[in-house]
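What follows is a set of notes on a single structure, which appears directly below.
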Amino acid sequence: MGKEPLLQLENLKVDFFLRSGKVTAIHGLDLQLDRGKTLGLVGESGCGKSLTALAIMGLISSPGKITSGEIRFDGEDLLKISERKRRELRGNQISMIFQDPSSALNPVLTIGKQISEPLRRHKGFSAQQARDQGLSLLSEVGLPDPGRQWSRYPHELSGGMCQRVMIAMALACEPALLIADEPTTALDVTIQVQILHLLRQLQKQHGMALLFISHDLRVIAEMADRVAIMYAGDIIEETSVRAIFERPRHPYTRGLLKSRPSLTEISGQRERLYHIPGNVPSLQELSEGCRFLDRCPWPGPDCSVKTPELLGFSHRSRCYRWYEFRQDT
-15 MGKEPLLQLE NLKVDFFLRS GKVTAIHGLD LQLDRGKTLG LVGESGCGKS LTALAIMGLI
45 SSPGKITSGE IRFDGEDLLK ISERKRRELR GNQISMIFQD PSSALNPVLT IGKQISEPLR
105 RHKGFSAQQA RDQGLSLLSE VGLPDPGRQW SRYPHELSGG MCQRVMIAMA LACEPALLIA
165 DEPTTALDVT IQVQILHLLR QLQKQHGMAL LFISHDLRVI AEMADRVAIM YAGDIIEETS
225 VRAIFERPRH PYTRGLLKSR PSLTEISGQR ERLYHIPGNV PSLQELSEGC RFLDRCPWPG
285 PDCSVKTPEL LGFSHRSRCY RWYEFRQDT
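If you're matching positions, the sequence shown starts at -15 in the working numbering and goes up one per residue.
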């Protein structure tokens, strides 16, 4: 399995069965992530980024359900294995860092108890072995005075300290895949930089693959090898980070890049902030054709007829006019 992707999602579909009817939140999603590499998953709130992560982890709960597709990890379809085997993988071979560290940690358990638990369950460590390894992990992620923090509760730590604890827990069993879902959103800017640097350093050190979820392309530029842009439950563009910034092939991606805040002075005045016109379509009211059609500045005759396929090889775009953007930067 040397050249096979570590993680491969094929035609993944997630539906929510509500009283008002079925709502499709993820539409036939295709993604792959190679061993030791970082894939950035980018998009606005509600586009399906976190739901994709929960699907991989096997944590989608009712009324949501994976209704079709495959999630292959190390060559094995996770949707066809038992729940017991899924639990063995979760926190062991596949780990996740959640958005809000203070709410993701158990408020009634000490930091030490929460770090020890995966080591004892998955690695069979004794209490003393788990403590020794846990303290080593806390030191590795830069938590000050690990021995003192061991018996503390999450509410006694700052947001940045809680995030370091979450990272230590995620790395405890040396996973092959780490999913980081907006890991710096709730933190101050200076702490964000420290956490991003820490994640890059730990990824190189442990050789793990990283699925990094964010709404911020600047962060993705620092973290990822490749990037997938998500919109209304679909991947609409996927390529290398460099190509996304230099040769975007989808109007939505171009809009995201133009929307980045800038303090560049033009004729003595700050550049006016660009925003993509219109709103993300409701998942309950999606029509035939491109989901970005109502907001697109370059609609074509085919765009309202059928949803475009994700076309290309190393640079894929879900746009009928992608070829017109190849040389136009």
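Each residue gets a CB set at the ideal place from its N, CA and C atoms; glycine is no exception.
Can you look up residue 171 in the DSSP assignment and give me helix, strand or coil? Numbered from its first residue, the sequence shown carries residue 171 at position 187. Coil, per DSSP.
Could you say if the segment 152 to 163 and the segment 133 to 141 meet the contact criterion of at least three C-beta pairs nearer than 8 Å? no
For residue 306, I'd like the list of residues in its chain whose CB is within less than 6 Å of its CB, leaving aside the five on either flank, ordered along the chain. In the sequence shown, counting from the first residue as 1, residue 306 sits at position 322. Counting only Cβ-Cβ distances below 6 Å, and skipping sequence neighbours, we find 233.
Residue from 28, 175 and 73 with nearest C-alpha to residue 244: The sequence position of residue 244 within the sequence shown is 260, counting from 1. Comparing Cα positions, the closest option is 28.
Where the alpha helix (DSSP H) through residue 117 begins and ends: By 1-based counting over the sequence shown, the position of residue 117 is 133. Residues 111 to 124.
Take the Cβ of residue 85 as the centre, count every other Cβ of all protein chains shown within 10 Å, and call the residue buried at 16 or more, exposed below. Sequence index remark: in the sequence shown, residue 85 carries index 101 (1-based). Residue 85 should be labelled buried.
Using a Cβ-Cβ cut-off of 6 Å (strictly less than) and excluding sequence neighbours within five positions of residue 164, which residues of its own chain qualify? For this step, residue 164 is matched to residue 180 along the sequence shown. Within the same chain, residue 164 has close Cβ partners 81 and 196.
Distance between residue 193 and residue 279 (C-alpha atoms, nearest Å): The residue given as residue 279 occupies position 295 in the sequence shown. The residue given as residue 193 occupies position 209 in the sequence shown. As the crow flies, the alpha-carbon of residue 279 is around 34 Å from that of residue 193.
Among 93, 111, 59 and 63, the one whose alpha carbon lies nearest that of residue 49: As a working mapping, residue 49 is identified with position 65 in the sequence shown. Considering only alpha carbons, the answer is 63.
For residue 296, which of helix, strand or coil comes out of DSSP? On the sequence shown, position 312 is the one that residue 296 refers to. Reduced to three states, the DSSP call for residue 296 is coil.
Tell me, which residues are paired with residue -8 by DSSP? If you number the sequence shown from 1, residue -8 lands on position 8. In the DSSP output, where bridge partners are listed per residue, residue -8 has 16 and 56.
Shorter than 8 Å from the beta carbon of residue 204 to some beta carbon of chain D? Judged by its chain identifiers, the structure shown contains no chain D, having just a single protein chain.
Can you tell me where the beta strand (DSSP E) holding residue 314 begins and where it ends? Missing from the structure shown is residue 314; the chain here goes from -15 to 313 and no further.
For the candidate residues 216, -4, -3 and 101, whose alpha-carbon lies nearest to that of residue 277? Position 293 of the sequence shown holds residue 277. For the residues 216, -4, -3 and 101, the minimum Cα distance to residue 277 belongs to 216.
On a Cα-Cα basis, can you pick out the residue from 21, 262 and 284 that is closest to residue 308? Translated into positions along the sequence shown, residue 308 becomes position 324. Closest option to residue 308, Cα to Cα, is 284.
Go through its chain and collect everything with a Cβ distance to residue 5's Cβ below 8 Å, but skip five positions before and after it. Along the sequence shown, read from residue 1 onward, the residue named residue 5 stands at position 21. Here the set comprises 268.
Minimum C-alpha distance to residue 83 - residue among 118, 100, 179 and 112: Within the sequence shown, numbered from 1, the residue matching residue 83 stands at position 99. Out of 118, 100, 179 and 112, 179 has the C-alpha closest to the C-alpha of residue 83.
Can you give the beta carbon distance from residue 235 to residue 287, rounded, assuming they're within the 8 Å contact cut? Indexing the sequence shown from 1 puts residue 235 at position 251. Indexing the sequence shown from 1 puts residue 287 at position 303. The Cβ separation is near 10 Å, so there is no contact.
Give, in chain order, every unbroken run of the beta strand (DSSP E) that is at least 3 residues long and sits entirely within the segment 186 to 244. Runs found: 193 to 198, 210 to 215 and 218 to 224.
Considering only the beta carbon of each residue, do residue 127 and residue 148 sit closer than 8 Å? What you label residue 127 is simply residue 143 of the sequence shown in a count that begins at 1. What you label residue 148 is simply residue 164 of the sequence shown in a count that begins at 1. Result yes, Cβ atoms of residue 127 and residue 148 sit closer than 8 Å.
Indicate the three-state DSSP secondary structure (helix, strand or coil) for residue 139 in the structure shown. By 1-based counting over the sequence shown, the position of residue 139 is 155. Correct three-state label for residue 139: helix.
Helix, strand or coil: how does DSSP classify residue 75 here? As a position in the sequence shown, residue 75 is number 91, starting the count at 1. Looking at residue 75 - three-state DSSP - the assignment turns out to be coil, as it is neither helix nor strand.
Of all the options 299, 71 and -11, which has the alpha carbon lying nearest to the alpha carbon of residue 227? One-based indexing of the sequence shown puts residue 227 at position 243. It is 299.
In the structure shown, what three-state DSSP assignment does residue 29 receive? One-based indexing of the sequence shown puts residue 29 at position 45. In this structure, residue 29 counts as coil in the three-state DSSP scheme.
Should residue 271 go down as buried or exposed, given a rule of 16 or more other Cβ atoms within 10 Å for buried? Here residue 271 is taken as the residue at index 287 of the sequence shown, counted from 1. Counting the other Cβ atoms within 10 Å of the Cβ of residue 271 gives fewer than 16, which makes it exposed.
Would you mind stating whether residue 143 and residue 170 have Cβ atoms separated by less than 8 Å? By one-based count along the sequence shown, residue 143 stands at place 159. By one-based count along the sequence shown, residue 170 stands at place 186. Taking 8 Å as the cut-off, the beta carbon of residue 143 is found closer than this to the beta carbon of residue 170.
Can you tell me which of 21, 1, 74 and 58 puts its alpha carbon nearest to the alpha carbon of residue 37? For the purposes of this step, residue 37 is taken as the residue at position 53 of the sequence shown. That would be 74, whose Cα lies nearest to the Cα of residue 37.
Under 8 Å, do residue 35 and residue -2 count as touching if we go by C-beta distance? Along the sequence shown, one-based indexing puts residue 35 at 51. Along the sequence shown, one-based indexing puts residue -2 at 14. The answer is yes: Cβ separation under 8 Å.
Is the Cβ-Cβ distance between residue -4 and residue 39 less than 8 Å? Start at 1 with the first residue of the sequence shown, and residue -4 comes out as number 12. Start at 1 with the first residue of the sequence shown, and residue 39 comes out as number 55. Inclusion of residue -4 and residue 39 in the CB contact set at 8 Å is warranted, their separation being smaller than that value.
Using C-beta distances below 8 Å, list every residue in its chain close to residue 205, excluding the 5 sequence neighbours before and after it, in chain order. As a first step, residue 205 is located in the sequence shown; it is residue number 221 there, counting from the start. Around residue 205: 225 and 229.
Considering just the uninterrupted stretch of the alpha helix (DSSP H) at residue 103, what are its terminal residues? Counting from 1 along the sequence shown, the entry for residue 103 is found at position 119. Run containing residue 103: 95 to 107, per the alpha helix (DSSP H) assignment.
Measure the alpha-carbon distance for residue 104 versus residue 98 and round it to whole angstroms. In the sequence shown, counting from the first residue as 1, residue 104 sits at position 120. In the sequence shown, counting from the first residue as 1, residue 98 sits at position 114. Roughly 10 Å between the two C-alpha positions.
In or out: residue 96 buried (at least 16 other Cβ within 10 Å) or exposed? Locating residue 96 in the sequence shown gives position 112, where the first residue counts as 1. Using a 10 angstroms sphere on the CB of residue 96, the tally of other CB atoms reaches 16 or more, which defines it as buried.
Which one of 160, 210, 11 and 189 has the shortest CA to CA distance from residue 219? Counting from one through the sequence shown, the residue named residue 219 turns up at place 235. Of the candidates 160, 210, 11 and 189, the one whose C-alpha sits nearest the C-alpha of residue 219 is 11.
Within its chain, find whatever has a CB closer than 6 Å to the CB of residue 237; leave out the 5 residues flanking it on each side and keep chain order. Sequence index remark: in the sequence shown, residue 237 carries index 253 (1-based). The answer, listed in chain order, is 213 and 221.
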